[in-house]
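Notes for the one structure printed next.
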Amino acid sequence: MPYMFISTQIRLEAGPTNVGDEYSDPALMNYLGARKTTMLGNNFAEYHVDDPPRLVLDKLEKMGFRETE
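Quick note on numbering that gives the first Met the number 0: the sequence shown kicks off at 0 and runs consecutively.
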């Protein structure tokens, strides 16, 4: 199973949540409702959702992903 890393800009932030880079699975990003953006000054794109990390993890669990340490 593929791995996925999610994060927020600030640890206690409730969103937006970073859910992937420009090479992430487009179908999965669509399922999460993510939008692809390139921040000013970066030479790469990232996918973001407005949901807090907890909701993103719930959606991923429904897809068969599980949390690891």
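The beta carbon of each residue, even a glycine, is placed where N, CA and C say it ideally should be.
Note that the structure is predicted; figures quoted are calculated from it, not measured.
Tyr22 beta carbon less than 9 Å from that of Arg34: no
Exposure label - Asp50; buried when at least 16 CB within 10 Å: buried
Simplified DSSP assignment, three categories, for Arg53: helix
Proximity to Asp20 [Cα-Cα], best of Ile5, Ala13, Val55 and Gly40: Ile5
Residues that DSSP places opposite Val48 in a beta bridge: Thr16
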